[in-house]
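Have a look at the structure below before the remarks.
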Amino acid sequence: MPDPHEQTLPVLQVIADWAGISLSDDELAAVAGAVENNRAQLAALRAALVDSEEPAGVFNTPAGAMDR
Amino acid sequence: MTTAELTLLPITQLAQLIQSHEISASELTHAYVDRIEAHDHNLRSYLTVTTDRARSDARRADVELAQGRSRGPLHGIPLALKDLFDTAGIRTTGGSRLFWDRVPAQDATVTSRLSAAGAVLLGKLMMHEFAIGSPYLDDAIPPARNPWSIEHVPGGSSSGSGAAVAAGLCGAALGSDTGGSIRGPAAYCGIVGLKPTYGLVSRAGVLPLSWSLDHAGPMTRTVADTALILQAIAGYDPDDAASAQVPIPAYSRALSGSSRGIRVGVPRSFIESAGGLEPAVLAAFNESLQTLRELGAEMSEIEIPGIEHAEAIQSTIMLAEAVAYHEQPLKEQKALYSRGFLERVRPAIFHSATDYIHAQRGRTMFCRSMSEVLTRVDVIATPTMIRTAPTFREEAEGRSPLRGQFNRVFNATGQPSLSIPCGFDPKGMPIGLLISGRAFEETTVLRLGDAYERATEWHLNHPEL
Chain A
0 MPDPHEQTLP VLQVIADWAG ISLSDDELAA VAGAVENNRA QLAALRAALV
50 DSEEPAGVFN TPAGAMDR
Chain B
0 MTTAELTLLP ITQLAQLIQS HEISASELTH AYVDRIEAHD HNLRSYLTVT
50 TDRARSDARR ADVELAQGRS RGPLHGIPLA LKDLFDTAGI RTTGGSRLFW
100 DRVPAQDATV TSRLSAAGAV LLGKLMMHEF AIGSPYLDDA IPPARNPWSI
150 EHVPGGSSSG SGAAVAAGLC GAALGSDTGG SIRGPAAYCG IVGLKPTYGL
200 VSRAGVLPLS WSLDHAGPMT RTVADTALIL QAIAGYDPDD AASAQVPIPA
250 YSRALSGSSR GIRVGVPRSF IESAGGLEPA VLAAFNESLQ TLRELGAEMS
300 EIEIPGIEHA EAIQSTIMLA EAVAYHEQPL KEQKALYSRG FLERVRPAIF
350 HSATDYIHAQ RGRTMFCRSM SEVLTRVDVI ATPTMIRTAP TFREEAEGRS
400 PLRGQFNRVF NATGQPSLSI PCGFDPKGMP IGLLISGRAF EETTVLRLGD
450 AYERATEWHL NHPEL
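Protein sequence lines, in the order shown, are assigned to chains A and B.
Residues 0 to 67, numbered by numbering that gives the first Met the number 0, are exactly what the first sequence covers, in order.
Residues 0 to 464, numbered by numbering that gives the first Met the number 0, are exactly what the second sequence covers, in order.
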């Protein structure tokens with residue numbers, strides 16, 4: 000099994016196959032740049048997160064934008 | 000008054016003409032249908048024109064008014080809907096061949112509410128497929144065009160809504176906004192677009208793109224028109240799992256014409272660090288801030304911690320939820336999707352569950368950060384887009400950079416966010432100013448937008464068809 004953190008074309012092919020979505024080599028190559036960009040953005044976001052931050056916090060933001 | 004002048008009037012004025020019996024709903028509807036027939040073959044803003052339904056709605060409105068019964072300011076006003084709002088018995092396609100023959104049995108809640116308010120349904124408007132992607136001129140479903148220049152895109156995904164409102168092919172429209180799909184077309188087409196607070200306007204019967212980021216809202220020619228439409232569609236709906244139970248204020252009453260005392264925060268470093276920010280957009284934005292200052296708004300520069308991650312948060316959540324919704328057809332009916340849809344959505348196939356969870360964690364963090372900023376200012380001002388509308392050729396060649404990052408911030412947080420016209424570039428393409436406020440404080444956002452609109456004349460410019 001290839002390392003899923005290395006976004007090479009063969010890895011992308013495995014992930015797409017696993018998801019049940021068939022992509023041609025050209026389609027995979029076309030999507031690779033966007034996938035790499037998303038990875039970089041998410042890596043920066045993860046680095047900014049603190050341990051106490053959890054998804055359910057969205058239901059309890061003090062006077063927050065998502066308040067009801 | 001010519002047909003063009005009539006059909007380009009704000010609905011506040013059309014309502015006065017109808018209520019005073021200077022024009023009937025049927026005459027007004029006839030004028031819009033004529034204008035659609037005359038011009039929409041170039042603009043392609045409509046997917047379906049519901050002429051018979053419109054005439055029937057208008058006759059009903061006229062009969063009721065003759066009996067002394069008015070349903071309010073939208074009585075007899077011809078409106079149109081982005082083609083993802085369900086309409087009972089009328090095809091609702093989501094702009095996709097996948098749903099080409101889909102005819103809902105029930106109206107969306109907002110469709111029903113507009114109908115109950117007396118509006119006339121002119122038809123269903125073009126959109127990017129399932130509210131995402133980029134248009135190509137050779138798409139199987141030809142895209143809407145910008146009425147200011149048909150070589151340019153009208154923006155998306157509420158492309159037909161933006162084009163039709165700007166061109167006077169309807170009195171106003173509804174759009175949906177998951178990452179700027181109301182406000183982007185509003186800016187590109189020179190009209191007003193409001194993304195209300197998440198939960199204020201029902202999404203029941205609206206085809207989803209991303210459940211936790213989707214918003215429905217008005218697209219109009221003036222801020223006062225937006226207030227009228229919002230009044231009709233806002234409010235709790237038990238059929239929408241995210242619908243908020245909050246008091247609904249009288250939005251039009253908030254439009255005092257004064258912006259005195261409203262504290263406006265400008266995230267200057269965020270704005271000016273945006274790659275591809277066009278000088279004409281920045282100049283128009285700075286000029287609009289000067290106007291707001293002269294109107295009595297209190298300006299200050301702000302920093303919003305975490306805003307640099309808003310794009311990753313919004314994009315990851317939106318695309319993951321979109322792929323979840325489309326999971327089966329992406330496997331089984333891929334050939335029916337457009338190139339633009341697939342190009343946009345495919346990268347999300349490679350998102351992991353942990354990516355999505357980290358994005359939700361980031362969203363919580365960012366909402367808290369935004370809440371803190373909004374204790375010091377009442378609204379946040381940015382340009383709506385970093386540039387004016389690109390041409391279809393630029394879109395096809397991929398030369399058009401990321402340009403909706405100012406909008407997306409407010410989908411991640413769910414705050415109300417209003418785009419209003421604030422200028423034109425040297426090519427004559429419109430520019431938008433974005434005003435975003437605290438959750439459920441649409442009144443402040445609309446009040447400031449209305450004060451700016453009254454002090455300027457950008458909204459009085461209309462494209463020559």
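Ideal Cβ placement from N, Cα and C applies to all residues, glycine included.
Just so we're clear, the structure is a prediction, and the values are computed from it rather than from any experiment.
With respect to B/I434, B/V280 sits apart: the two C-beta atoms are not nearer than 8 angstroms.
At least one CB of chain A lies nearer than 8 angstroms to the CB of B/K330.
Residues of chain B whose Cβ lies closer than 7 angstroms to the Cβ of A/A15 are, in chain order, I348. The shortest CA-to-CA distance from B/I35 to any of B/A162, B/A311, B/L329 is the one to B/A162. With a threshold of 16 other beta carbon atoms within 10 Å, B/W457 meets it and is buried. Its chain contains S258, R259 as the residues whose beta carbon lies nearer than 6 angstroms to that of B/G295, once the 5 sequence neighbours on both sides are disregarded; these appear in chain order. In the three-state reduction of the DSSP assignment, B/L173 falls in the strand class, which pools E and B. B/Q105 is a Cβ neighbour of B/D85, given a cutoff of 8 angstroms. Under the three-state reduction of DSSP output, B/R402 falls in the coil class, being neither helix nor strand.
Against A/L8, chain B offers no close residue; the least beta-carbon distance is about 12 angstroms (beta-carbon pairs closer than 8 angstroms). Pairing B/A215 with B/C188 gives a Cβ-Cβ distance that is not under 8 angstroms. Residues of the same chain with a CB within less than 7 angstroms of the CB of B/P146, apart from the 5 flanking positions on each side, are L42, A162, A165, A166, C188, P462, L464 in chain order. Counting along the chain, the unbroken beta strand (DSSP E) around B/T219 starts and ends at 214-219. Annotation: the continuous alpha helix (DSSP H) that includes B/S314 extends over 309-324.
In the DSSP assignment, B/T28 falls within the unbroken alpha helix (DSSP H) covering 24-42.
In the same chain as B/P141, and ignoring 5 residues on each side of it, the C-beta atoms closer than 8 angstroms to its own belong to R43, in chain order. Straight through space, the alpha carbons of B/G183 and B/V152 are spaced by roughly 11 angstroms. B/F129 is a Cβ neighbour of B/L208, given a cutoff of 8 angstroms.
Under the DSSP assignment, B/I270 falls outside any beta strand (DSSP E), being part of the alpha helix (DSSP H) whose first and last residues are 267-271. Taking 8 angstroms as the CB threshold, A/A18 lines the interface with chain B. The beta carbon of B/I312 falls within 8 angstroms of a beta carbon belonging to chain A, placing the residue at that interface. The secondary-structure analysis by DSSP pairs B/M298 across a beta bridge with B/V263. B/Q332 counts as exposed, since fewer than 16 other beta carbons sit within 10 angstroms of its beta carbon. The Cβ-Cβ distance between B/R262 and B/V376 falls below 8 angstroms. B/V205 carries a strand assignment under DSSP once its states are collapsed to helix, strand and coil.
Spanning the alpha carbons of B/L417 and B/D176 requires a straight line of approximately 11 angstroms. Per DSSP, the beta bridge partners of B/K81 are B/L124. Only exposed fits B/D238, as fewer than 16 other CB atoms lie within 10 angstroms of its CB. If one requires a minimum length of 3 residues, the beta strand (DSSP E) runs lying completely within the segment 337-419 of chain B are 378-382, in chain order.
Per DSSP, reduced to three states, the secondary structure at B/T47 is strand.
For A/Q40, the chain B residues whose C-beta falls within less than 7 angstroms of its own C-beta are E310, A311, listed in chain order. For B/S337 against B/D138, the beta-carbon gap comes to about 5 angstroms, under 8 angstroms, which counts as contact.
Here B/R437 is not near B/E310, since their CB atoms are 8 angstroms or more apart. For B/V62, the number of other beta carbons within 10 angstroms of its own is below 16, and it is reported as exposed. When C-alpha distances from B/L291 are compared across B/E326, B/A380, B/D236, B/T374, the shortest belongs to B/A380. With respect to B/G413, B/M384 sits apart: the two C-beta atoms are not nearer than 8 angstroms.
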